[in-house]
Amino acid sequence: MAHQQAHEGHHDLESLRLMGFWLFLITDCILFGTLFATYVVLHGNTNGGPTAQELFAMPGVIAETFILLTSSFTSGLAVLSMNQGNRKGLIGWLAVTALLGAYFITLEVTEFVHMVHEGATIGTSAFLSAFYTLVGTHGLHVSIGLCWMIALMIQLSKRGITSVTRRKVNVISLYWHFLDVVWIFVFTIVYLMGVM
Amino acid sequence: MWDSIKKFASEFFVTGDPLIYGADVSIGLTMIAVVAALTYFKKWNWLWTEWLTTVDHKKIGIMYIIASILMLFRGGVDALLMRTQLAVPNMDFLSPEHYNAIFTTHGVIMILFMAMPFMFGLFNLVVPLQIGARDVAFPFLNSLSFWLFFMGAMLFNISFVIGGSPDAGWLSYPPLSEKMFSSGVGQDFYIWGIQISGIGSLMTGINFIVTILKMRAPGMKLMKMPMFSWSVLSSCITIILAFPILTITLALLFIDRYLGAHFFTLDGGGNPMMYINLIWMWGHPEVYIIVLPAFGVFSEIVATFSRKRLFGYKSMVFALMSISAFSFFTWAHHFFTMGSGADVNAFFALTTMAIAIPTGVKVFNWLFTMFRGKISFETPMLWAIAFIPCFVVGGMTGVLLSVAPADFQFHNSYFLIAHFHQVIIGGVVFGFFAGLYYWWPKVFGFTLNEKIGKWAFWFWNAGFYICFMPQYVLGLMGMTRRVNTYGWDTGWWELNFVSTIGAFLMGIGFLFQIWQILHSIKFMQKAPADPWNGRTLEWSIPSPAPMYNFATIPHVEERDAWWEEKQRRAQGEAPKPLPPLEPIHMPKNSGIPIIKSAFWFAAGFGLVFNWLWLAIPGFIGIALSMLAHSFNYDTDYYIPVDEIERTEAAAKGDAR
Numbered sequence: 001m002a003h004q005q006a007h008e009g010h011h012d013l014e015s016l017r018l019m020g021f022w023l024f025l026i027t028d029c030i031l032f033g034t035l036f037a038t039y040v041v042l043h044g045n046t047n048g049g050p051t052a053q054e055l056f057a058m059p060g061v062i063a064e065t066f067i068l069l070t071s072s073f074t075s076g077l078a079v080l081s082m083n084q085g086n087r088k089g090l091i092g093w094l095a096v097t098a099l100l101g102a103y104f105i106t107l108e109v110t111e112f113v114h115m116v117h118e119g120a121t122i123g124t125s126a127f128l129s130a131f132y133t134l135v136g137t138h139g140l141h142v143s144i145g146l147c148w149m150i151a152l153m154i155q156l157s158k159r160g161i162t163s164v165t166r167r168k169v170n171v172i173s174l175y176w177h178f179l180d181v182v183w184i185f186v187f188t189i190v191y192l193m194g195v196m
Numbered sequence: 001m002w003d004s005i006k007k008f009a010s011e012f013f014v015t016g017d018p019l020i021y022g023a024d025v026s027i028g029l030t031m032i033a034v035v036a037a038l039t040y041f042k043k044w045n046w047l048w049t050e051w052l053t054t055v056d057h058k059k060i061g062i063m064y065i066i067a068s069i070l071m072l073f074r075g076g077v078d079a080l081l082m083r084t085q086l087a088v089p090n091m092d093f094l095s096p097e098h099y100n101a102i103f104t105t106h107g108v109i110m111i112l113f114m115a116m117p118f119m120f121g122l123f124n125l126v127v128p129l130q131i132g133a134r135d136v137a138f139p140f141l142n143s144l145s146f147w148l149f150f151m152g153a154m155l156f157n158i159s160f161v162i163g164g165s166p167d168a169g170w171l172s173y174p175p176l177s178e179k180m181f182s183s184g185v186g187q188d189f190y191i192w193g194i195q196i197s198g199i200g201s202l203m204t205g206i207n208f209i210v211t212i213l214k215m216r217a218p219g220m221k222l223m224k225m226p227m228f229s230w231s232v233l234s235s236c237i238t239i240i241l242a243f244p245i246l247t248i249t250l251a252l253l254f255i256d257r258y259l260g261a262h263f264f265t266l267d268g269g270g271n272p273m274m275y276i277n278l279i280w281m282w283g284h285p286e287v288y289i290i291v292l293p294a295f296g297v298f299s300e301i302v303a304t305f306s307r308k309r310l311f312g313y314k315s316m317v318f319a320l321m322s323i324s325a326f327s328f329f330t331w332a333h334h335f336f337t338m339g340s341g342a343d344v345n346a347f348f349a350l351t352t353m354a355i356a357i358p359t360g361v362k363v364f365n366w367l368f369t370m371f372r373g374k375i376s377f378e379t380p381m382l383w384a385i386a387f388i389p390c391f392v393v394g395g396m397t398g399v400l401l402s403v404a405p406a407d408f409q410f411h412n413s414y415f416l417i418a419h420f421h422q423v424i425i426g427g428v429v430f431g432f433f434a435g436l437y438y439w440w441p442k443v444f445g446f447t448l449n450e451k452i453g454k455w456a457f458w459f460w461n462a463g464f465y466i467c468f469m470p471q472y473v474l475g476l477m478g479m480t481r482r483v484n485t486y487g488w489d490t491g492w493w494e495l496n497f498v499s500t501i502g503a504f505l506m507g508i509g510f511l512f513q514i515w516q517i518l519h520s521i522k523f524m525q526k527a528p529a530d531p532w533n534g535r536t537l538e539w540s541i542p543s544p545a546p547m548y549n550f551a552t553i554p555h556v557e558e559r560d561a562w563w564e565e566k567q568r569r570a571q572g573e574a575p576k577p578l579p580p581l582e583p584i585h586m587p588k589n590s591g592i593p594i595i596k597s598a599f600w601f602a603a604g605f606g607l608v609f610n611w612l613w614l615a616i617p618g619f620i621g622i623a624l625s626m627l628a629h630s631f632n633y634d635t636d637y638y639i640p641v642d643e644i645e646r647t648e649a650a651a652k653g654d655a656r
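The following block contains the structure:
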């Protein structure tokens with residue numbers, strides 16, 4: 001009884017934190033939903049500037065898509081290694097995930113720079129304002145995820161797999177999968193439907 | 001050199017208005033006085049360790065309440081300035097530009113920097129105590145939420161002495177709020193002040209959902225939870241679904257202004273009406289966010305002071321939850337005149353009318369709770385009783401506004417102004433006052449003077465009706481909102497004059513409240529643990545609550561657990577033996593929330609003035625603060641048993 005009481009008084013903090021993160025993902029969903037809605041409303045307002053069809057180079061975007069999907073898979077492998085208690089495997093797969101994420105960002109930045117050089121800037125038209133903001137917000141999320149992942153790898157190498165670091169790995173892998181799902185929508189709604 | 005400094009200062013500081021110079025002087029003197037007092041009494045260390053770095057929900061709640069009362073003062077002064085300007089025709093008290101700034105800041109401050117923090121203050125003060133928890137789910141995040149709100153509010157408020165206030169209305173509609181028409185920094189203060197505090201609101205929403213869903217005392221099933229906690233849950237669900245829309249809307253407006261994008265501009269393919277849709281997709285749920293907890297407060301108070309169980313508990317829960325869902329489907333009723341066609345307007349008119357149904361259910365529940373109860377009329381109950389007729393009238397004028405064809409007449413008239421003040425003052429402000437009076441003894445450990453409280457109540461109430469009833473008529477007579485003056489030929493002056501008298505009566509009511517608090521501090525009357533013969537768990541522990549709240553976590557078997565326990569004890573049943581004390585796990589204080597929020601302030605200020613040398617270090621500071629928190633694993637400690645015993649014994653000694 002006394003033991004049970006102690007258990008009830010002291011909540012399992014790590015499970016609370018995981019739940020809090022799920023709620024955060026709901027808010028992030030709404031955030032992206034608003035950006036998607038804005039994009040859908042404005043995507044035809046090209047103001048005489050370049051259209052989606054003229055602008056998007058699909059090979060690069062398809063490459064980005066496969067890189068990000070693969071990184072989602074490797075972040076899953078990281079969690080599997082963690083569940084087997086394999087710290088080296090965990091950090092290794094996180095590193096692979098981070099590298100793929102960094103490659104994705106590099107490709108995206110290159111794409112943006114290329115478009116700006118062609119004269120398609122955020123101020124050109126409402127369509128481009130919405131495009132850069134939506135895709136850029138996703139890219140910003142990925143970049144924040146990268147910094148976070150590096151910080152987590154340092155913590156893992158210092159502290160090993162504990163209940164705290166375990167929760168942190170679970171949370172970042174949730175985040176990473178979430179960004180992957182968002183990207184699928186970006187790929188479909190922005191790029192595929194744009195060049196259709 | 002001197003000339004360039006002078007030129008900079010003349011643009012940086014707001015100049016030319018004697019009212020502003022007066023404010024400059026009083027702000028300067030107050031700050032000097034605060035710093036001097038803290039230094040003289042050697043209180044800096046105390047301030048830092050006990051308050052600024054605290055993660056205790058009770059202290060954070062108190063800080064929220066203090067901040068919101070200061071904001072109520074600022075917003076109230078704005079209101080009185082406006083009413084003075086409108087008291088008689090052709091008044092030359094405020095310039096048109098100054099009037100624009102004042103109605104903008106009045107609205108923003110009252111909703112976002114008064115009502116929201118007041119509400120979060122009550123969440124913090126009450127929810128953990130009511131559900132039998134020792135803290136919120138994320139104490140660190142809770143402190144961060146407070147400081148983000150605080151820094152956001154400060155950023156917004158300094159705009160009236162530095163740089164210039166926003167003046168495009170409280171929701172800052174484009175194209176007026178775009179760079180083309182508002183080239184000053186006021187709009188950027190608006191965007192960043194709200195953005196920073198909005199992040200805090202979002203995190204509070206997440207925090208309290210987890211707290212309520214996961215940290216209730218054992219045995220407290222959801223359907224046995226006190227009604228205030230239910231109302232907090234429904235409000236927080238609405239927060240996490242609505243606030244991200246605000247974040248994006250303001251971000252897009254900022255991108256328009258800062259990077260020259262075309263979301264809401266008139267040129268470049270932008271669409272200003274999209275802003276108005278987006279901002280109301282947040283804005284309409286927002287008004288339910290602030291009023292739902294007020295409904296929860298009234299439910300607690302009506303049951304307590306009628307000495308009866310709340311009538312219709314399940315229907316109350318259902319009403320709260322359905323209002324938070326419905327609130328997302330009514331936004332377009334704010335602009336029936338946009339021209340989206342009869343079908344769209346009909347849909348939003350119907351959803352708006354439908355939302356009156358659950359609200360009506362609640363009104364009947366409160367009435368039936370009072371029916372045949374043993375009612376007593378302490379100040380919390382007075383506010384609750386005054387709320388019911390006030391809110392019924394306000395709600396019904398809302399239904400009038402929801403009739404789309406008629407709204408083409410009412411739109412943006414004083415009829416609307418009277419309506420939303422009636423539901424927000426009569427519902428939200430009365431509710432939060434009632435809550436503050438109700439929980440005051442629990443929070444501070446002393447009681448408030450009832451007599452002065454009644455004076456305050458009557459001034460507020462009389463003032464309210466004298467101020468806003470004439471405005472309905474003025475609206476029907478054709479007076480539109482945001483006019484800064486009017487002529488003798490309009491026939492509006494008598495009603496406007498009466499309305500101004502009412503506003504000042506409410507101001508006197510506020511002064512009575514401040515006097516009541518000061519008087520009660522001076523003639524300190526210690527509060528018992530259970531001053532109102534309460535029903536819920538917060539009244540089962542000492543006043544003020546010890547830092548760990550519950551020495552042993554209570555077991556709950558029914559609704560109104562503390563009331564039932566008292567009934568059993570009155571029938572001679574021995575209280576259940578308490579389990580032995582155990583060390584209590586507590587979070588450690590942290591300076592990171594206030595430091596990180598200060599970096600947010602710097603980043604926001606830098607972006608307002610386009611000073612990247614300040615904004616970039618600000619953002620770097622934010623990132624470093626987050627990393628510092630992530631790398632810190634030393635975040636908690638245990639309170640040993642003997643310390644708990646001492647604290648409990650001291651509290652018992654006080655009670656005798």
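Just so you know, the sequences run in chain order A and B.
Residue 40 in UniProt numbering sits at position 40 of the first sequence; the count goes up by one each step and never skips.
Residue 31 in UniProt numbering sits at position 31 of the second sequence; the count goes up by one each step and never skips.
A virtual CB, placed ideally from N, CA and C, is assigned to each residue, including glycine.
Would the beta-carbon of residue i fall within 8 Å of that of residue j?
{"i": "residue 379 of chain B", "j": "residue 308 of chain B", "result": "no"}
{"i": "residue 195 of chain B", "j": "residue 172 of chain B", "result": "no"}
{"i": "residue 140 of chain B", "j": "residue 55 of chain B", "result": "yes"}
{"i": "residue 181 of chain A", "j": "residue 56 of chain A", "result": "no"}
{"i": "residue 355 of chain B", "j": "residue 336 of chain B", "result": "no"}
{"i": "residue 250 of chain B", "j": "residue 174 of chain B", "result": "no"}
{"i": "residue 63 of chain B", "j": "residue 189 of chain B", "result": "no"}
{"i": "residue 546 of chain B", "j": "residue 217 of chain B", "result": "no"}
{"i": "residue 71 of chain B", "j": "residue 12 of chain B", "result": "no"}
{"i": "residue 17 of chain A", "j": "residue 167 of chain A", "result": "yes"}
{"i": "residue 78 of chain A", "j": "residue 94 of chain A", "result": "yes"}
{"i": "residue 658 of chain B", "j": "residue 60 of chain B", "result": "Nothing about residue 658 of chain B can be read from this structure; chain B reaches only from 1 to 656."}
For residue i, I'd like the list of residues in its chain whose CB is within less than 7 Å of its CB, leaving aside the five on either flank, ordered along the chain.
{"i": "residue 625 of chain B", "result": "592, 595, 596 and 599"}
{"i": "residue 1 of chain A", "result": "In this prediction, residue 1 of chain A has a pLDDT of 32, which is less than 50 and means its spatial position is unreliable; what the coordinates show is noted afterwards. The answer is none, since no qualifying residue turns up."}
{"i": "residue 175 of chain A", "result": "145"}
{"i": "residue 171 of chain A", "result": "18 and 21"}
Write down the C-beta distance between residue i and residue j rounded to the nearest angstrom, noting that I regard them as a contact closer than 8 Å.
{"i": "residue 552 of chain B", "j": "residue 518 of chain B", "result": "That belief does not hold up - the Cβ atoms of residue 552 of chain B and residue 518 of chain B are roughly 37 Å apart, past 8 Å."}
{"i": "residue 502 of chain B", "j": "residue 464 of chain B", "result": "7 Å"}
{"i": "residue 500 of chain B", "j": "residue 87 of chain B", "result": "4 Å"}
{"i": "residue 301 of chain B", "j": "residue 384 of chain B", "result": "5 Å"}
{"i": "residue 40 of chain A", "j": "residue 90 of chain A", "result": "The Cβ separation is near 40 Å, so there is no contact."}
Identify, in the order they occur along the chain, each residue of the same chain with its Cβ nearer than 6 Å to the Cβ of residue i, setting aside the five sequence neighbours on each side.
{"i": "residue 107 of chain B", "result": "170"}
{"i": "residue 261 of chain B", "result": "255"}
{"i": "residue 287 of chain B", "result": "none"}
{"i": "residue 205 of chain B", "result": "236, 239 and 240"}
{"i": "residue 14 of chain B", "result": "20, 161 and 164"}
{"i": "residue 349 of chain B", "result": "402 and 404"}
{"i": "residue 8 of chain B", "result": "none"}
Could you tell me which residues DSSP puts in a beta bridge with residue i?
{"i": "residue 526 of chain B", "result": "B:446"}
{"i": "residue 584 of chain B", "result": "B:639"}
{"i": "residue 543 of chain B", "result": "Partner(s): none; residue 543 of chain B has no beta bridge."}
{"i": "residue 13 of chain B", "result": "B:162"}
{"i": "residue 413 of chain B", "result": "B:480"}
Less than 8 Å between C-beta atoms, sequence neighbours within five positions excluded: which residues of the same chain meet that for residue i?
{"i": "residue 220 of chain B", "result": "131, 132, 556 and 561"}
{"i": "residue 144 of chain B", "result": "200, 203, 592, 593, 596 and 597"}
Interfacial residues, the segment 133-155 of chain B to chain A, with Cβ spacing under 9 Å: 133, 134, 137, 138 and 141
Notebook entry, point to check: Using a beta-carbon distance cut-off of less than 9 Å, what residues from the segment 119-142 of chain A approach chain B?
Noted result: 121, 122, 123, 124, 125, 126, 127, 128, 129, 130, 132, 133 and 137
### Task
May I ask you to list, following chain order, the residues of the segment 24-42 of chain A that have a beta carbon less than 9 Å from some beta carbon of chain B?
24, 26, 27, 28, 29, 30, 31, 32, 33, 34, 35, 37, 38, 41 and 42
Note to self: To be precise: take each residue of the segment 164-196 of chain A, compare its Cβ to all Cβ atoms of chain B, and keep it if any distance is under 7 Å. Which residues remain?
What the structure shows: 164
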